[in-house]
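Trainee:
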Ligand code: FAD
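Numbering (this note's numbering), first residue to last: 402 to 909.
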């Protein structure tokens, strides 16, 4: 940084890119820092377009929407969204298996001991049944039910959270309207040149294809896989994680809705990857994520098309990616948010969550001047942690399997995994313990869902369980199971609830 420039104030943020990441960032900045007088400009190019996939989310998105003042009914109508209580995983542990990773608890802890520990002692006993029977969101998914959770913490109906499944092409325009209302200036144009400060290497201004120049103090690179500023200009570097997650392609196609509107996403494992099925109000989103090392594009496409439940609505679209993350997500005066910062396959719907984390950490650490090495270091440390935790959780799905029916599964089952994951697996295998992360995804019930869903049953259980008489535990399990079943049956039908919400939105 030039000596005279050392204290250059941050008054103007330029966001480059108008996909989900760009408009979420602009909306977040405008809502939280607009009132401080911060000027925000977003540049996007209709000629380049957006990636246009990314339809399943995590419950954190509700917090984002609430924080920036989005009305839920309006949002659901504008993005053709449905509610999501979890993800169903089909054929992962073994072919024919199905389990749900719910956004909620399994049972209730007792005397500080996790519920699954009590369940483990009697697992296999038909009167106790599967762990799924003790999770309200799992039962609700299976029954096609949805209603917002109860705010009464004593109610079993308060033991879950929910997310959304929405049309990716409708979400960014919705965020755009929100951001523009709060003062964000949008410029249409393609960035064709970038001027860097000779000494600091910071970005000074951008040149658009019509000759306009846009100067700024801080730049947010939301240019998707292009990584226009963070990589093409600043060469921040990339940590390639394909050795653990070899999927590098996807083919996507929408189809007409068929059957009931389910409140969950489905991820079905195939011979060298998996396919998603995301039910929206007006159609179903489908895609097949696979490794080109093990499967050809044609085979991947055939598998996807063969599995469609309704009439195809467009031609299949192929996408290529390299799993990993930018070595520095914040470098000099450029912060990379969205696909420009990295990509982890959408198996657990984590990309939009990572966008949110990028935005909220940037807001929290928002610097006064360019000269902010400690903020940059903290931002990068935080985001590295977020990406690594998601990476480990994704690897778990591929590694914790008994599948041996293809070269791909033999590779995934036997490959070395990061130590951070190995340690967690060993701990769980011994006595069913999962250590809670202080920060980052995922919470303990998520790990339990996937580990047990993929047939990793601990060898033992927490010794405190034996302090409670067996009859008492059995009685409690039976009572809770019945209670969960009854509570789920009392919930609204998902489609009916959506219908009522739409009526409310129209009336408003
Ligand atoms: P893009 O949508 O690609 O936007 C890039 C923007 O930059 C565009 O506006 C473009 O015009 C602009 N731009 C680029 N270059 C220039 C230039 N030179 N000048 C001006 N403008 C420029 N995420 C989830 O959370 N859930 C999912 O279920 C999910 N599924 C996915 C499935 C697949 C196959 C893939 C690939 C991704 C998926 N994602 C998912 C990720 C999700 O799609 C992205 O995180 C999200 O769409 C954000 O994309 P983006 O805004 O970073 O990039």
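C-beta: ideal position from N, C-alpha, C; glycine also.
Fair warning: this is a prediction, and the values are worked out from it, not measured in the lab.
Just the Cα atoms here: how many angstroms apart are residue 702 and residue 889?
Mentor: Counting from one through the chain shown, the residue named residue 702 turns up at place 301. Counting from one through the chain shown, the residue named residue 889 turns up at place 488. Looking at the two C-alpha atoms, the distance is approximately 37 Å.
Trainee: When you compare the region 751-766 with the region 674-686, are there three or more beta-carbon pairs, one atom per stretch, that lie closer than 8 Å?
Mentor: Segments in contact, no.
Trainee: By DSSP, does residue 689 sit in helix, in strand, or in coil?
Mentor: By one-based count along the chain shown, residue 689 stands at place 288. It is a strand residue.
Trainee: Does the distance from the C-beta atom of residue 806 to that of residue 591 stay below 8 Å?
Mentor: Walking along the chain shown from the start, residue 806 turns up at place 405. Walking along the chain shown from the start, residue 591 turns up at place 190. Their beta carbons are not under 8 Å apart, which means residue 806 does not touch residue 591 by this criterion.
Trainee: Leaving out five residues before and five after residue 553 in sequence, what residues of the same chain have Cβ atoms less than 8 Å from its Cβ?
Mentor: Within the chain shown, the letter at position 152 stands for residue 553. Excluding sequence neighbours, residue 553 sits near 559.
Trainee: State buried or exposed for residue 817, treating a residue as buried only when at least 16 other CB atoms are found within 10 Å of its CB.
Mentor: Numbered from 1 along the chain shown, position 416 holds the residue referred to as residue 817. Exposed: under 16 other Cβ atoms inside 10 Å.
Trainee: Which complete alpha helix (DSSP H) runs does the region 738-769 hold, if anything under 4 residues is left out?
Mentor: Segments of the alpha helix (DSSP H) lying fully in the region 738-769: 752-766.
Trainee: Compute the Euclidean distance between the alpha carbons of residue 532 and residue 644, then round it to the nearest angstrom.
Mentor: For the purposes of this step, residue 532 is taken as residue 131 along the chain shown, with counting starting at 1. For the purposes of this step, residue 644 is taken as residue 243 along the chain shown, with counting starting at 1. Looking at the two C-alpha atoms, the distance is approximately 33 Å.
Trainee: Going by Cα to Cα distance, which pick from 523, 746 and 439 is closest to residue 793?
Mentor: Your numbering for residue 793 matches position 392 in the chain shown. Closest option to residue 793, Cα to Cα, is 746.
Trainee: Residues in the same chain with beta-carbon distance under 8 Å from residue 906, minus the five sequence neighbours each way, listed in chain order, please.
Mentor: As a position in the chain shown, residue 906 is number 505, starting the count at 1. 474, 475, 477 and 478, listed in sequence order.
Trainee: Taking all protein chains shown into account, do 16 or more other C-beta atoms lie within 10 angstroms of the C-beta of residue 616, making it buried, or fewer, making it exposed?
Mentor: The count along the chain shown starts at 1 and reaches residue 616 at position 215. Result: exposed.
Trainee: Report the CB separation of residue 635 from residue 733 in whole angstroms; it is logged as a contact under 8 Å.
Mentor: Position 234 of the chain shown holds residue 635. Position 332 of the chain shown holds residue 733. Rounded, the Cβ-Cβ distance is 6 Å, consistent with contact.
Trainee: My output table needs one value for residue 542: the three-state DSSP class, helix, strand or coil.
Mentor: Along the chain shown, read from residue 1 onward, the residue named residue 542 stands at position 141. Correct three-state label for residue 542: helix.
Trainee: Do residue 624 and ligand 1 come close, with the Cβ less than 7 Å from some heavy atom?
Mentor: As a first step, residue 624 is located in the chain shown; it is residue number 223 there, counting from the start. Residue 624: yes, Cβ under 7 Å from ligand 1.
Trainee: Less than 7 Å separating the Cβ of residue 445 from some heavy atom of ligand 1?
Mentor: Taking the chain shown and counting its residues from 1, the one referred to as residue 445 is at position 44. Residue 445: yes, Cβ under 7 Å from ligand 1.
Trainee: So, at 7 Å on beta carbons, what are the nonlocal neighbours of residue 710 in its own chain, with the 5 sequence-adjacent residues on each side left out?
Mentor: Numbered from its first residue, the chain shown carries residue 710 at position 309. Only 656, 659, 660 and 685 meet the Cβ criterion.
Trainee: Let me know the beta strand (DSSP E) ranges lying completely inside the region 615-687, each 3 residues or longer, listed in chain order.
Mentor: Segments of the beta strand (DSSP E) lying fully in the region 615-687: 619-622, 639-641, 650-656, 666-670 and 674-680.
Trainee: Under a three-way DSSP split, which group does residue 473 fall into?
Mentor: Counted from its first residue, the chain shown places residue 473 at position 72. Three-state result, residue 473: helix.
Trainee: Quick one: grab the DSSP three-state call for residue 792.
Mentor: As a position in the chain shown, residue 792 is number 391, starting the count at 1. Residue 792 falls in the helix class under three-state DSSP.
Trainee: Is residue 747 near ligand 1 - that is, is its Cβ less than 7 Å away from at least one heavy atom of it?
Mentor: As a first step, residue 747 must be located in the chain shown, where it is residue number 346. Flag set: Cβ of residue 747 near ligand 1.
Trainee: Could you tell me which of 425, 523, 411 and 609 sits nearest to residue 872, measuring between CA atoms?
Mentor: By 1-based counting over the chain shown, the position of residue 872 is 471. Residue 872 has its Cα closest to that of 523, out of 425, 523, 411 and 609.
Trainee: Regarding residue 685 and ligand 1, is the C-beta to nearest heavy atom distance less than 7 Å?
Mentor: For this step, residue 685 is matched to residue 284 along the chain shown. Residue 685 Cβ: outside cutoff for every heavy atom of ligand 1.
Trainee: Under three-state DSSP, which class holds residue 411?
Mentor: The residue you call residue 411 lines up with position 10 of the chain shown. Residue 411: coil per DSSP, three-state reduction.
Trainee: If you compare alpha carbons, which of 652, 450 and 886 is closest to residue 543?
Mentor: Residue numbering aside, residue 543 sits at position 142 when the chain shown is read from its first letter. It is 886 whose Cα lies nearest to the Cα of residue 543.
Trainee: Rounded to whole angstroms, what is the Cα-Cα separation between residue 878 and residue 529?
Mentor: Working through the chain shown from its first residue, we reach residue 878 at position 477. Working through the chain shown from its first residue, we reach residue 529 at position 128. Straight-line Cα distance between these residues: approximately 7 Å.
Trainee: Is residue 421 buried or exposed, if buried means 16 or more other CB atoms sit within 10 Å of its CB?
Mentor: To locate residue 421, count along the chain shown from 1; it is residue 20. Residue 421 should be labelled buried.
Trainee: Can you tell me where the beta strand (DSSP E) with residue 718 in it begins and where it stops?
Mentor: Here residue 718 is taken as the residue at index 317 of the chain shown, counted from 1. Note, residue 718: beta strand (DSSP E), 718-721.
Trainee: Excluding five sequence neighbours on each side, which residues of the same chain lie with their C-beta closer than 7 Å to the C-beta of residue 735?
Mentor: Taking the first residue of the chain shown as position 1, residue 735 is located at position 334. 604, 620, 622, 630, 631 and 635, listed in sequence order.
Trainee: Would you mind working out which of 829, 880 and 670 sits nearest residue 804, comparing C-alpha positions?
Mentor: Taking the first residue of the chain shown as 1, we reach residue 804 at position 403. It is 670.
Trainee: Using 8 Å as the cut-off, can you tell me whether the region 823-841 makes contact with the region 480-500, which would need three or more C-beta pairs spanning the two stretches below that distance?
Mentor: These segments do not touch.
Trainee: Which whole runs of the alpha helix (DSSP H) in the region 485-568 are 4 residues long or more, in chain order?
Mentor: Whole alpha helix (DSSP H) segments, 4+ residues: 516-523 and 537-544.
Trainee: Looking only at DSSP bridge pairs, what is residue 589 linked to?
Mentor: Looking up residue 589 in the chain shown gives position 188. Answer by DSSP bridge pairing, in chain order: 445.
Trainee: What distance in whole Å lies between the Cβ atoms of residue 666 and residue 566, which are believed to be in contact at a cut-off of 8 Å?
Mentor: Sequence index remark: in the chain shown, residue 566 carries index 165 (1-based). Sequence index remark: in the chain shown, residue 666 carries index 265 (1-based). The Cβ separation is near 6 Å, so the contact holds.
Trainee: Starting from residue 883, follow the alpha helix (DSSP H) in both directions and report where the run begins and ends.
Mentor: Mapped onto the chain shown, residue 883 falls at position 482. Note, residue 883: alpha helix (DSSP H), 871-890.
Trainee: Label residue 815 either buried or exposed according to how many other C-beta atoms from any shown protein chain fall within 10 Å of its C-beta, with 16 as the threshold for buried.
Mentor: Here residue 815 is taken as the residue at index 414 of the chain shown, counted from 1. By the neighbour-count rule (16 or more Cβ atoms within 10 Å), residue 815 is not buried but exposed.
Trainee: Among 512, 487, 572 and 584, whose alpha-carbon lies nearest the alpha-carbon of residue 538?
Mentor: Translated into positions along the chain shown, residue 538 becomes position 137. It is 487.
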